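Engineer: Using the numbering used here, read the sequence shown as starting at 4 and increasing by one per residue.
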Amino acid sequence: MNLHASLTALTFAVGALAWTAAGETYDPALSARELPLEVTGGCLATDAGPCREDRYATRWAGRTARGDLFVVTPAACADRNGCRTWLIEKTAREAIVLLALDGRAALRSGTGAYPAVELRTELSATQVTYVRFEWSGQKYTRADTQLVYRVGGVECGTEEQCRRAAQQALDAQDIDRAVRILESVQGVSWI
């Protein structure tokens, strides 16, 4: 009876090992010790040092052909604009920075193996820029930049889109909204 239980346990262990090796229970991680010097500024990750694990917010973003993709921000900046964000690829040999950005970044479905990255930066109370970076096969390159206007806290779009929104507001007899859009986007002031 003990031999049968031992063989069953051994068979289960070999099966679990093969399953894990195939990546079925994959749980990727990137520790502060593995962060590139470009991120840590050359400090060493120790329990008491300036690069402690809790100093960085690390989020796994997906698999790549060479390893895993992570989004890293300083923990104190995780929910604020104007903070540094790094897109890091961890391979079997090293972790490298693919893209470093100032501002809030979001990953979008891309056409290739790497996601597109969209950076949102607030310029003023009425203007926001969106910059899209796409993977070129070797590195991330800027693919598109768009200036978007915000009126009354709501984005109405590009200058042309906002002009159409103002016209629609005029057609609907919503003069106040039309004037707010024209004042904010085109600098036209009506009294």
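Virtual Cβ for every residue (Gly too), placed ideally from N, Cα, C.
Please read these numbers as outputs of a predicted model, since none were measured by experiment.
1. So the beta strand (DSSP E) C159 belongs to, where does it begin and stop?
2. Beta carbon of L122, beta carbon of G106: below 8 Å?
3. Rounded to whole angstroms, what is the Cα-Cα separation between P77 and Q171?
4. Nearest to A116 by CA position, among A175, E41, A64, is which residue?
5. Contact check, T67 vs E92 under 8 Å by CB: the rounded distance?
6. Given this structure, state the Cα-to-Cα distance separating L33 from T129, to the nearest angstrom.
7. In angstroms with no decimal places, state the Cα-to-Cα distance between G160 and D147.
8. When DSSP labels each residue in this structure, what does D94 get in the three-state scheme?
9. Rounded to the nearest angstrom, what separates S127 and R96 at their Cα positions?
10. Comparing C-alpha positions only, which one of R36, S187, L104 sits nearest to R145?
11. Just tell me which of V191, K142, V182 has its CA closest to the CA of G155.
12. Spatial neighbours of R62 within its chain, please: CB distance less than 7 Å, with the 5 preceding and 5 following residues excluded, ordered by chain position.
13. Tell me whether the beta-carbon of D71 lies closer than 8 Å to the beta-carbon of P118.
14. What separation, rounded to the nearest whole angstrom, lies between the Cα atoms of V188 and Q176?
15. Within 10 Å of its beta-carbon, does T88 have 16 or more other beta-carbons around it, so buried, or fewer, so exposed?
16. Any idea if L38 is buried or exposed, counting beta-carbon neighbours within 10 angstroms, 16 or more meaning buried?
Structural biologist: In terms of the structure at hand:
1. Unbroken beta strand (DSSP E) run through C159: 157–160.
2. yes
3. Distance between the alpha carbons of P77 and Q171 is about 43 Å.
4. A64
5. 6 Å
6. When the Cα atoms are used, L33 and T129 turn out to be separated by approximately 38 Å.
7. Straight-line Cα distance between these residues: approximately 15 Å.
8. Inspection of the sequence shows that residue 94 is occupied by Thr rather than by Asp. DSSP places T94 in strand when its eight states are reduced to three.
9. 43 Å
10. L104
11. V182
12. F73, V74
13. no
14. 19 Å
15. buried
16. Buried: at least 16 other Cβ atoms inside 10 Å.
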